[in-house]
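One structure is given below, encoded as structure tokens.
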Amino acid sequence: MSPVQLFLEYSIVGIASGGIYALIALGIIVIYKSSRTFNFAMGEMMMLSAYFFYAAAVTFALGPVLGVIVALICSIVIALVIERVAIRPMLGRPFISVVMVTFGVGSIIRGVVGMVWGPSDLQIPAILSRSPVMLGDIFVPGKTARGFAIAVVIVVALIAYLRYSRAGVALRATAASAITAYSMGINVRNVIAFAWVIAAVTGCISGILMANINSLTPHLGLVALNVLAVVILGGMGSISGVLVAGFIIGWLEAITGLFLPTGFREITPYILALIILLVRPNGLFGSKEVERI
0 MSPVQLFLEY
10 SIVGIASGGI
20 YALIALGIIV
30 IYKSSRTFNF
40 AMGEMMMLSA
50 YFFYAAAVTF
60 ALGPVLGVIV
70 ALICSIVIAL
80 VIERVAIRPM
90 LGRPFISVVM
100 VTFGVGSIIR
110 GVVGMVWGPS
120 DLQIPAILSR
130 SPVMLGDIFV
140 PGKTARGFAI
150 AVVIVVALIA
160 YLRYSRAGVA
170 LRATAASAIT
180 AYSMGINVRN
190 VIAFAWVIAA
200 VTGCISGILM
210 ANINSLTPHL
220 GLVALNVLAV
230 VILGGMGSIS
240 GVLVAGFIIG
250 WLEAITGLFL
260 PTGFREITPY
270 ILALIILLVR
280 PNGLFGSKEV
290 ERI
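The opening position of the sequence shown corresponds to residue 0 in numbering that gives the first Met the number 0, with each subsequent residue numbered one higher.
As structure tokens, this is what we get:
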């Protein structure tokens with residue numbers, strides 16, 4: 000394989016991985032826009048959803064299709080419980096206090112998964128075909144390519160829904176000013192709960208995709224650490240920006256792994272995010288917030 004073909008292959012595989020990163024980041028940003036809460040438990044929610052899928056599809060032998068449905072339902076229920084029990088009482092408290100609550104929620108989820116399923120890696124039923132996708136002479140792993148397609152379709156559909164639906168208008172109004180949204184008759188608490196439902200859906204689907212591409216492990220939630228760079232790069236206020244940022248981070252990880260030792264792959268996205276923060280503190284696509292006194 001020529002150096003150009005190798006570069007293109009790594010680039011395409013990296014961009015494909017970035018599509019799944021964007022799906023995870025979308026859930027983080029929707030929650031942040033609705034309640035100014037940064038959900039550090041997103042990775043654990045994603046990982047728990049994949050275990051729900053395993054339990055339904057394998058343990059209870061319901062099959063992959065029903066397994067996805069059961070995992071989605073369970074993930075939404077868990078997200079609503081977290082929002083109602085742990086997050087809602089903290090609204091209006093200092094930002095760091097809410098962040099620590101999400102850290103605590105993540106720790107609880109990791110502990111529960113360890114007690115129920117143990118530390119061993121598990122293989123979930125294949126929902127993505129392994130047959131490779133050939134783009135000319137460029138080889139793309141089948142699971143990665145199909146996972147990318149599913150993730151991008153869902154991200155684009157959710158962006159369109161949040162932009163044109165009544166629920167999306169309510170979410171944007173709440174993000175602009177919760178007090179003004181209240182005065183306009185918008186139930187802000189329901190909007191925040193709806194944001195957690197969206198995060199549950201994106202986390203569930205991305206968790207199942209990631210576990211299908213790799214394997215199901217209690218460390219699956221660590222993928223969300225890479226997503227932090229996507230969120231920073233795209234901008235906390237930009238829902239559509241996460242898609243482009245996900246592609247950039249995925250491509251950067253792949254190209255770094257091609258040219259540099261493995262360890263650099265983990266830190267390069269954060270180096271880029273740090274540089275962007277120094278130049279554009281609100282990210283590539285985020286807008287500066289102006290507070291009137």
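Quick reminder that beta carbons are idealized off the backbone N, C-alpha and C, glycines included. Please read these numbers as outputs of a predicted model, since none were measured by experiment.
Residue i versus residue j: straight-line alpha-carbon distance, rounded
i	j	result
residue 13	residue 23	16 Å
residue 239	residue 260	32 Å
residue 87	residue 97	10 Å
residue 18	residue 147	5 Å
residue 274	residue 243	17 Å
residue 232	residue 224	13 Å
residue 92	residue 220	27 Å
residue 276	residue 80	34 Å
residue 186	residue 165	12 Å
residue 51	residue 63	11 Å
residue 25	residue 154	7 Å
residue 271	residue 226	13 Å
Residues that residue i bridges to, as DSSP identifies them
i	result
residue 133	138
Reduced DSSP secondary structure (H/G/I, E/B, other) of residue i
i	result
residue 219	helix
residue 157	helix
residue 121	strand
residue 183	coil
residue 281	coil
residue 260	coil
residue 255	helix
residue 15	helix
residue 40	coil
residue 91	coil
residue 213	coil
residue 174	helix
residue 60	coil
residue 35	coil
residue 238	coil
residue 273	helix
residue 128	coil
residue 96	helix
Member of the options whose CA lies at the smallest distance from the CA of residue i
i	options	result
residue 74	53, 91, 62, 94	53
residue 149	29, 188, 21	21
residue 217	181, 162, 113, 143	113
residue 124	271, 16, 284, 56	56
residue 41	60, 108, 90, 3	108
residue 3	257, 85, 279, 268	257
residue 236	174, 246, 248, 111	174
Check: residue i C-beta below 6 Å from any heavy atom of the ligand SAH
i	result
residue 191	Of the ligands one can find in the structure shown there are none, so the ligand SAH has no counterpart to examine.
Are the stretch 3-19 and the stretch 133-140 touching, with three or more C-beta to C-beta distances below 8 Å?
yes
Check whether the stretch 37-51 and the stretch 249-257 touch, using three or more Cβ-Cβ pairs below 8 Å as the test.
no
Using a Cβ distance threshold of 8 Å, determine whether the stretch 61-74 contacts the stretch 171-184, with at least three qualifying pairs required.
no
Practice item. Kindly confirm or deny that the stretch 23-37 and the stretch 182-198 touch, where touching means at least three C-beta pairs closer than 8 Å. Key: yes
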